[in-house]
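Novice:
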Amino acid sequence: AEERIKQGFLKFKNNFWLKNPKLYEKLSAGQSPKFMIFACSDSRVCPTTILGLQPGEAFVVRNIASMIPACGEAGFPSTSAALEYGVLHLKVEHILVIGHSRCGGIKALLTTDPEKKWSDYIQDWIKISTPVHSNQNHSHDIDERCSCGEKESVNVSLSNLMTFPWIKSAVEEKKLALHGGHYSFVTGTFQYWTPGSDKVDF
Numbered sequence: 033a034e035e036r037i038k039q040g041f042l043k044f045k046n047n048f049w050l051k052n053p054k055l056y057e058k059l060s061a062g063q064s065p066k067f068m069i070f071a072c073s074d075s076r077v078c079p080t081t082i083l084g085l086q087p088g089e090a091f092v093v094r095n096i097a098s099m100i101p102a103c104g105e106a107g108f109p110s111t112s113a114a115l116e117y118g119v120l121h122l123k124v125e126h127i128l129v130i131g132h133s134r135c136g137g138i139k140a141l142l143t144t145d146p147e148k149k150w151s152d153y154i155q156d157w158i159k160i161s162t163p164v165h166s167n168q169n170h171s172h173d174i175d176e177r178c179s180c181g182e183k184e185s186v187n188v189s190l191s192n193l194m195t196f197p198w199i200k201s202a203v204e205e206k207k208l209a210l211h212g213g214h215y216s217f218v219t220g221t222f223q224y225w226t227p228g229s230d231k232v233d234f
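Those letters in the sequence shown? Residues 33 to 234, per the numbering used here, in order.
Written as structure tokens, this is what we have:
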């Protein structure tokens, strides 16, 4: 593990850090990202990699299934604290929530197997997107349901964002915009949308 960490860092340092002195001089003075991104912790999904973002461009929060709880929902202060810092202190201009293909969190939420047991923390967390159930066609197979659920869960998070009064006011004053996305590493595609709009394929 130590050697992998060492070689990985040295590759980054030699190929990027040393070649971008002006960027890191600027970053040493502080950060002012325009984007705040919520993405899944899944090892196959790195938002800055798939969107080609450079250091300093995005304030990133990663968790299981990129879920965002509603304002005041007990037990999830980490996500709310990150939102508060990103919106009120960094004053980001855009919040992007990204779902992805083959998401284990969404599959856990939608599984109908009564014998399937999930640990307490996971079970409590995925309940954030419980409304996804109401929009599911249960006649479809689990893979199709998961694909739809991955996108619908993003919409649940976008709706939950608007329960934070300082986010709602920033959106209404057009100081902040909300965006949804879905990345498929299976097909190499990205779908983008804003609340209430049609999805656009990239």
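Yeah, the Cβ is synthetic: ideal placement off N, Cα and C, and Gly gets one too. Fair warning: this is a prediction, and the values are worked out from it, not measured in the lab.
In terms of DSSP beta bridges, what is H132 paired with?
Specialist: Along the sequence shown, one-based indexing puts residue 132 at 100. For H132, which the question treats as bridged, DSSP gives the partners Y215.
Novice: Look at the Cβ atom of I138, then the Cβ atom of A97, and state whether they are nearer than 8 Å.
Specialist: Translated into positions along the sequence shown, residue 138 becomes position 106. Translated into positions along the sequence shown, residue 97 becomes position 65. Yes, they are a contact pair.
Novice: With a threshold of 8 Å, are at least 3 pairs of Cβ atoms found where one atom belongs to the stretch 117-132 and the other to the stretch 205-212?
Specialist: Result yes; three or more Cβ-Cβ pairs closer than 8 Å.
Novice: Can you name the start and end residues of the beta strand (DSSP E) that R36 belongs to?
Specialist: Mapped onto the sequence shown, residue 36 falls at position 4. That residue, R36, is in no beta strand (DSSP E); its alpha helix (DSSP H) goes 34-44.
Novice: Please give the ranges of any alpha helix (DSSP H) in the stretch 72-116, keeping only runs that are unbroken, at least 4 residues long and fully inside the region.
Specialist: Runs of the alpha helix (DSSP H) inside the stretch 72-116: 79-82, 109-116.
Novice: Have a look at A90, E35, I82 and flag the residue whose alpha-carbon is nearest the alpha-carbon of G220.
Specialist: Your numbering for residue 220 matches position 188 in the sequence shown. Looking at the Cα atoms, I82 is the closest of the given residues.
Novice: Terminal residues of the continuous alpha helix (DSSP H) containing Q155?
Specialist: For the purposes of this step, residue 155 is taken as residue 123 along the sequence shown, with counting starting at 1. That run of the alpha helix (DSSP H) goes 152-158.
Novice: Would you call the CB atoms of E115 and F44 closer than 8 Å?
Specialist: Here residue 115 corresponds to residue number 83 of the sequence shown, with the count starting at 1. Here residue 44 corresponds to residue number 12 of the sequence shown, with the count starting at 1. The identity of residue 115 in the sequence shown is Leu, whereas the question assumes Glu. Taking 8 Å as the Cβ cut-off, L115 and F44 do not qualify as a contacting pair.
Novice: Would M68 pass as a contact of F48 if the rule is Cβ separation under 8 Å?
Specialist: As a position in the sequence shown, residue 68 is number 36, starting the count at 1. As a position in the sequence shown, residue 48 is number 16, starting the count at 1. No, they are not a contact pair.
Novice: Would you kindly report the start and end of the unbroken beta strand (DSSP E) that includes W49?
Specialist: As a working note, residue 49 is residue 17 in the sequence shown. Where W49 is concerned, there is no enclosing beta strand (DSSP E), given that its DSSP letter is neither H nor E.
Novice: Assuming E176 is part of the alpha helix (DSSP H), what are its boundary residues?
Specialist: For the purposes of this step, residue 176 is identified with residue 144 of the sequence shown, where counting begins at 1. Run containing E176: 174-193, per the alpha helix (DSSP H) assignment.
Novice: Using only the alpha-carbon positions, how far apart do S161 and V203 sit?
Specialist: Position 129 of the sequence shown, counting from 1, holds the residue named residue 161. Position 171 of the sequence shown, counting from 1, holds the residue named residue 203. When rounded, the distance between both Cα atoms is 22 Å.
Novice: Looking only at its own chain, which residues have a Cβ that is under 8 Å from the Cβ of V124, when we skip the five neighbours before and after it?
Specialist: Translated into positions along the sequence shown, residue 124 becomes position 92. Here the set comprises P65, K66, F67, M68, F91, G118, L208.
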